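Positions in the sequence shown are counted from 1; adding 5 to them yields the working numbering. Glycine residues also receive a C-beta, built at the ideal position from the N, C-alpha and C atoms. Note that this is a predicted model, so its numbers are computed, not measured.
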Amino acid sequence: MDGEALLVRSADHLVIGVRWSDCTTDGTGVLVAGEQARLWLLFPPQHVGEECSPPQSDAPLSLAAGSTGAEVPGWRGVLAGPSRIVAAIPPGRRIPLTANGILDAMGSVPLAVASAQETAVEIPWRTMLVPGARTDGGTVVCRHGSHTPAAGVHGLWRTRLVDAEVPAVAALSDAHLTVRVIEHDIANTADPDFGPNNTIGLPRALRTRLVAETAVRPATAARLELSSLGGTLHAKGAWTAFEWEQRTVLGRDMLVRARLEGVLYPLGHRAEYLEVVTREFDATAGGAAVLRRVGVLTVVEPVRRPPDDPGLRRRFPLGDIEIEQTTFTDLASPNAAVPGAGWQRTALPGIGEQSTHFRPTTAAGAPVLFPIRCTTSTGVVTFAMPLFFVAEIAVGATTSLTDPGLAQRLSSDYGAEAVAFAPTPIDITGTGGRARGDIHEVHGLTIAGIANQSLADGYRAGLAQLEIALPALRVLRGDDQVTSVRLADNYLRDGAADVLMEMVANQTREIDFARDAGRSGGLLAPKYIANAISRSLGPVNLGALPHPATGLIDPAALFPSDQAALLGFPLKTLVTQLRLPPEITAVPRLGAAPEVRMQWRDVTLRSTAAFVARPGTRLDLTVVASPETNETTCSVKDFSLELPPGPRRVLRLNFAALTFTQRVGSAPDVSVDGIGVEFVGELTLLKELQDLVQLGDTGKLLDITPRGIAVRYALPLPPVTAGAFVMRNIALTAAVDIPFNGDPVGFTFGFASRVSPFQLSVMMFGGGGYLEIQLDRDGLRRLEAALEFGAFVAVDFVVASGEVHALGGVRFTLERDGAVTLCGYLRIGGCVEVLGLISVSIELCLSLTYRSERNALVGRATLVIEIDLTLWSDSVELDSGEWVLAGGAARRPALRDRDTAMAQWLEYRAAFAGVGRE
């Protein structure tokens, strides 16, 4: 039959439960064992899981002490579950149902330790220990303390588990036991929440680790005792990358020590984490014997060399990586309830779920920043960054540090960390700066782990992003903005790839000379978007690299905007057979700031619009900038400009070379070589006149200033006289303006001009006019024409003379946007002069103008009177201002007042309409 009882003996505080199976009773209080007889001793909780706090910290609780109202410090705790020892009783064994009889029976036979359902002791909290003999083939027995009083005093009853081969006396110093931790689910119980800085002595991360480690190789125990008041355990174990030691007396921890080896992620330096819990009589806690916890992280591999794998070296090309501080104390426990700082658990193949990694955190709750020093071929970089501690869990042939699933998890959990430091030149390729674009001025890095990597060499970091200052763009753009870039995928796969880095989203850079065309003399104003960094060419556009099949660049892809121009003509229409984009690089110099160069050499051009290219037409641009010099040189060779654009070209300018050079501190230098001018098309008939006045010698007609080049032409014709008909001031004019601000080349052609109109007279009647046309690459810019005619009468009586005139005219203007201005006007005036001492003149001008942009008819009247009395003179000008006769915007109040006055006048005039007719 099965049965159970409670053994209670007050003299030595014996209180345990007893259970038996497959036993019978003979009626005299004696159990007789059957074939499968088992005897259990059931113990109350053998351990108290106490709250551990940092050294010198205040007590977490204040508890009332009795009825006095005084308070004492307190710490929390949790009780372990029951423990049991089980023995197989030989068949026929007789066991008296007394305390001594049952205890003697248990102490005379080996304990059953083969399965989890047999002997199991919960010391510490939620740690189920199964004892074993340390000798091969040995057995475990329990030896109870003596019940015989000494000097009338009974000692506390206890039972000690020992190897049966160990003599009774020797067992007091070393029980010669092994212990295994079983029941993963029990060990995996969540720790009690003792607050953000406190934890339990043996936390879950260590309990589950002990389950995995002792399953392969048990720990050793020098002492394992059970009693009614708690158990005593002296145990320790050492495994690959893990050590544990536990000293517990009567259910209270005295020492818990755990050392875990691992690495710091993502850099991969070897490190170890040591956590020690000791019981101390703490004066700051009222003299209480409390558990204090200390955590220490030690870097055991301060310097990590670059990997042998070229692909990994390309991902993090910073040379040797040194962690300058090797010991970190005052750490928060990763087992405490600190959000984001505790152990993270991962299921490992062949091992099960384990606490694999945590972010080291200070007791104040801030992440630990590890000081890093990287020694590159071009300089030393120092910064600080947080790291993960990743425990190495090596059970059998399986290790956590080579598990790709954990590597993926770490990459996700760590994310990326941005670090900033003083601007430092760094060889991004780690090859010693073989190419001009290998070394860059770096202001910061974003470091991340590599999810998919070969783990044979341990964890390695990668550069997710770099903050670089591009001296070339700094010079060309005129700003100090840093650029966020990432290493190009093609370069990471193949270190020979030319495109080294790509700019991250929204970080592209604009190479824009169009905003400051004077820097290249306005001749060349390149403008394009740079979204990558080439080792040989500097900033480039990925969409405008040479085509693999043809080796040519699509100019429209490189220069999508019409603002990218040469002499005002879009570059995308001029450039042909283009094999390289503009090259922008920073050339390092020993002990000095780099020299920035932008070069675009021997670029072939083709004809477009008014620009006429020849076989030798070439474009060159060179910009050199350093602290000592800043020079820009741009030249265009062997080309012509035929104006106006279109089929009716009348003027051709031939250039052997046009060169613009600008140096800091000096005025721009413009050189024009081999310029020639000729009329073509419908003005070919003027060629003879051109030769007669030596118009081809343009040196006197060429005006070169820092603002541009102006070429002016005027072909004056002699007056034409035929009786009373006289025509004077006849001239054909032409002008070409090449501005240095990036505006298009302009062309002006005229017959006379507004400043100097032609004059026509027939007896007393006369007049004049002019015609001017302005054009550029896009066609008509402005057309203006005016004609004027009227009468002049003059008299001279020696002592007095005078003249009167009446002239009428019309002026027509057509703007590029289609706006038309048509103005008709009347000028009436005259003057009288007496003896050269007194003169009076009067001029009245009435105009009526139509403005198409306002769709308005505008009128204006101006009266000017001048009086000169030799010693005194004055003039008076009366101007009506403009008034809208029809159309236009809503009338202003003053115009409405005029309308009212006009209406009153008309009414007044109508009242006298019939007077005097009868």
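{"query": "Could you compute how far the alpha carbon of Arg-139 sits from the alpha carbon of Asp-325?", "result": "47 Å"}
{"query": "Have a look at the DSSP bridge pairing and note the partners of Asn-924.", "result": "Past the boundaries of the shown model lies residue 924; the chain is included only from 6 to 923, so the question cannot be answered."}
{"query": "So, is Lys-577 buried or exposed, given that buried needs 16 or more other C-beta atoms within 10 angstroms?", "result": "buried"}
{"query": "I need the DSSP call for His-181, collapsed to helix, strand or coil.", "result": "coil"}
{"query": "Using a Cβ-Cβ cutoff of less than 8 Å, which residues in the same chain neighbour His-18 once the five nearest sequence positions on both sides are dropped?", "result": "Leu-161, Trp-162, Ser-232, Ser-233 and Leu-234"}
{"query": "Hey, would you say Glu-250 sits closer than 9 Å to Leu-265, going by beta carbons?", "result": "no"}
{"query": "Is the beta carbon of Ala-796 less than 9 Å from the beta carbon of Gly-771?", "result": "yes"}
{"query": "With 16 as the cutoff for other CB atoms within 10 Å, does Val-146 come out buried or exposed?", "result": "buried"}
{"query": "Inspect the beta-carbon positions of Ile-21 and Pro-49 and report whether they are closer than 9 Å.", "result": "yes"}
{"query": "Closest by CA to Ala-402, which one among Phe-564, Thr-367, Leu-353 and Tyr-419?", "result": "Leu-353"}
{"query": "Check whether the Cβ of Trp-25 lies closer than 9 Å to any Cβ atom in chain C.", "result": "As a matter of chain content, chain C is missing from the structure shown, which is built from one protein chain."}
{"query": "I'd like the list of long-range same chain contacts for Thr-703, defined as Cβ closer than 7 Å, with 5 residues on each side in sequence excluded.", "result": "Bear in mind that the predicted position of Thr-703 carries a pLDDT of just 40, short of 50, making it unreliable; the figure below should be weighed with that in mind. If we look at Thr-703 and ignore the five residues flanking it on each side, its Cβ neighbours are Ile-680, Val-682 and Val-716."}
{"query": "How many angstroms separate the CA atom of Ala-156 from the CA atom of Ala-240?", "result": "33 Å"}
{"query": "In the DSSP output, what is Ile-455 paired with across the bridge?", "result": "BP columns for Ile-455 are empty, so no partner."}
{"query": "Where do the N-terminal and C-terminal ends of the alpha helix (DSSP H) with Val-221 fall, by residue?", "result": "209 to 221"}
{"query": "Distance, Cα to Cα, Thr-622 vs Ile-735?", "result": "38 Å"}
{"query": "So for Gln-764, helix, strand or coil by DSSP?", "result": "strand"}
{"query": "Hey, would you say Ile-187 sits closer than 9 Å to Trp-130, going by beta carbons?", "result": "no"}
{"query": "Taking the runs of the beta strand (DSSP E) that are 3 residues or longer, which of them lie wholly in the segment 108 to 196?", "result": "133 to 138, 145 to 149, 163 to 168 and 182 to 187"}
{"query": "Can you look up Gln-413 in the DSSP assignment and give me helix, strand or coil?", "result": "helix"}
{"query": "Suppose only complete runs of 3+ residues qualify. What are the beta strand (DSSP E) ranges in the segment 768 to 840, listed by chain order?", "result": "770 to 781, 784 to 801, 805 to 820 and 825 to 839"}
{"query": "For my contact list, Leu-450 and Val-490 are in at a C-beta cut-off of 8 Å; report their separation, rounded to the angstrom.", "result": "With a Cβ gap of about 11 Å, Leu-450 and Val-490 do not count as contacting."}
{"query": "Identify every run of the beta strand (DSSP E) within the segment 535 to 612, keeping only runs that are complete inside it and at least 3 residues long; order them along the chain.", "result": "537 to 539, 543 to 545, 588 to 594 and 597 to 609"}
{"query": "Just to confirm before moving on: does the CB-CB distance between Tyr-533 and Leu-563 stay below 9 Å?", "result": "yes"}
{"query": "According to DSSP, which residues form a beta bridge with Trp-25?", "result": "Gly-8 and Leu-44"}
{"query": "For Ile-558, collect the residues of the same chain with a Cβ closer than 8 Å to its Cβ; drop the 5 residues on either side in sequence, then sort them by chain order.", "result": "Ala-549, Leu-550, Pro-551, His-552, Leu-583, Arg-584, Leu-585 and Pro-586"}
{"query": "Work out the CA separation of Ala-799 and Ala-805 for me, nearest whole Å.", "result": "11 Å"}
{"query": "Starting from Asn-659, trace the beta strand (DSSP E) both ways and give me its first and last residue.", "result": "656 to 668"}
{"query": "Provide the residue span of the beta strand (DSSP E) that contains Gly-751, from first to last.", "result": "751 to 756"}
{"query": "Just how far apart, CA to CA, sit Ala-899 and Phe-817?", "result": "Legend: pLDDT at Ala-899 = 49, less than 50; position of this residue unreliable, value from coordinates given subsequently. If I take the Cα positions, the gap works out to 29 Å."}
{"query": "Take Val-629 and list the residues in its own chain whose beta-carbon comes closer than 6 Å to its own, dropping the five residues that flank it on each side.", "result": "Arg-602 and Glu-636"}
{"query": "Provide the residue span of the alpha helix (DSSP H) that contains Ile-635, from first to last.", "result": "The residue you asked about is not Ile; residue 635 is Asn in the sequence shown. Unbroken run through Asn-635 is the beta strand (DSSP E), 635 to 648; no alpha helix (DSSP H)."}
{"query": "Could you tell me which residues DSSP pairs with Ile-870 in its beta bridges?", "result": "Ile-847 and Val-881"}
{"query": "Can Ala-537 and Gln-470 be called in contact, C-beta distance under 9 Å?", "result": "no"}
{"query": "With H, G and I counted as helix, E and B as strand and the rest as coil, what does DSSP make of Tyr-464?", "result": "coil"}
{"query": "If we ignore side chains and look at the alpha-carbon of each, how far apart do Asp-873 and Asp-879 end up?", "result": "7 Å"}
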